[in-house]
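Those protein sequence lines, which keep their order, are chains S and U. Heads up: the first sequence begins at 156 in my numbering, then just goes up one per residue. Heads up: the second sequence begins at -18 in my numbering, then just goes up one per residue. We put the CB at the ideal spot given by N, CA and C, even for glycine.
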Amino acid sequence: MGIGFAVGVLGVLLLAHAAYSTIQYRGLLKITEEEFSGPPINVVVELLLGLVFSMWAALTVPGKFLSIHPDSEENRIVSLPANLDFMIFNHRGKAVLSGVNMKLKH
Amino acid sequence: MAGNNGSGASEKKSSESLTDLPIFSAENTQSNLKVIYYSRTFMSIIGGVISGILGFTGLYGFIFYFVIMAITSVGLVAKAKFSIHSYFDGWNRIMLDGITGGLMSFVLFWTYPFLPLTCFSSA
Chain S
156 MGIGFAVGVL GVLLLAHAAY STIQYRGLLK ITEEEFSGPP INVVVELLLG
206 LVFSMWAALT VPGKFLSIHP DSEENRIVSL PANLDFMIFN HRGKAVLSGV
256 NMKLKH
Chain U
-18 MAGNNGSGAS EKKSSESLTD LPIFSAENTQ SNLKVIYYSR TFMSIIGGVI
32 SGILGFTGLY GFIFYFVIMA ITSVGLVAKA KFSIHSYFDG WNRIMLDGIT
82 GGLMSFVLFW TYPFLPLTCF SSA
C-alpha cells in the first residue's frame, strides 16, 4: 500500500516533468518556426515510465479483491475460541459421562 | 446480492431447491467494484495527461483511451490472479464497467491542462 502510493507519486512527478519539458520544447519550436510532430525521445521514454508507474499504483493502491463466494477460504468462519487455555476436560464430569455411556450400551 | 450465473434453466432442471442458487457476498462484490472503479478513473486521468503531452488530436486520442483501458483490463485480470469467477459475477464486470464513466475524465485531462500548450504556441 505504502510502496504503491510512493510509486504513484513518482509516476505523477515524472509526468509533470515530461509536461514541463514538452512546454519548453514547444517554445523552442516556436522560436525556430518549425512544426510540432511529436515530443523528443527522452520525453516519450519519461511518459512510458510514468505510465508504468501510475499503472502499478492504480492496480495496487485501491485495495485487494475479496472473494465473493460465501464458502471460500477467506469468508469461512473457522476461528477457534480464544479461551482454549482455560478449557479443562480432566474433571469429575468424565466419570459421569462414562457411566452414561455404559448405561447406554447395556 | 443473489444472482444466477446465466445457467438458470439447467439449474432448475437439475434441482428444484433454492440452496443451489449461487449466493454472492454483497459487501465483497461492492468492494471489488469500487476497486475497479478507482483503478479505471485514475488510469483515465493518467491516460488523458499522457495523450495531451503526446499531442494527440481527434480520433487518435480516443483510440489511445481505449488502448489504455484494454491494458487496464488486462492488469485487473492479472490482479484477480486470472480467476475472475471467484471475485466477480461475470467478465463484463472486469472488462467493461467504468469505461464510459472514465471517458469524461479522460477528455477533460486530455484537452484542458494543455490548452495553452497547443493553442497559444501554434498561434
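| Asked | Found |
| --- | --- |
| Spatial distance of T187/S from I34/U (CA atoms) | 20 Å |
| Coarse secondary structure for I4/U, derived from DSSP in three states | strand |
| Listed by chain order, chain S residues near G42/U by CB distance under 7 Å | Ordered by position in chain S, no residue passes the 7 Å Cβ test against G42/U, which lies about 14 Å from the chain. |
| 7 Å Cβ cutoff, S86/U in contact with chain S | no |
| Contacts of P194/S in chain U (Cβ-Cβ under 8 Å) | I34, L35 and G36 |
| Segment limits, alpha helix (DSSP H) that includes V88/U | I80 to T92 |
| Member of M242/S, H246/S, F220/S and I243/S whose CA lies at the smallest distance from the CA of S6/U | F220/S |
| Cutoff 7 Å: V30/U Cβ touching any chain S Cβ | yes |
| Within chain U, partners of A161/S - CB distance below 9 Å | The premise fails here: A161/S is roughly 15 Å from chain U at the closest Cβ pair, so nothing lies under 9 Å. |
| Alpha helix (DSSP H) segment containing G163/S, residue limits | G157 to T187 |
| CB contact below 7 Å: I291/S versus chain U | Residue coverage of chain S in this structure runs from 156 to 261, which leaves residue 291/S outside it and unanswerable. |
| Y93/U beta carbon less than 7 Å from that of N13/U | no |
| Minimum Cβ-Cβ distance from G157/S to chain U less than 7 Å | no |
| F47/U, DSSP secondary structure in three states | helix |
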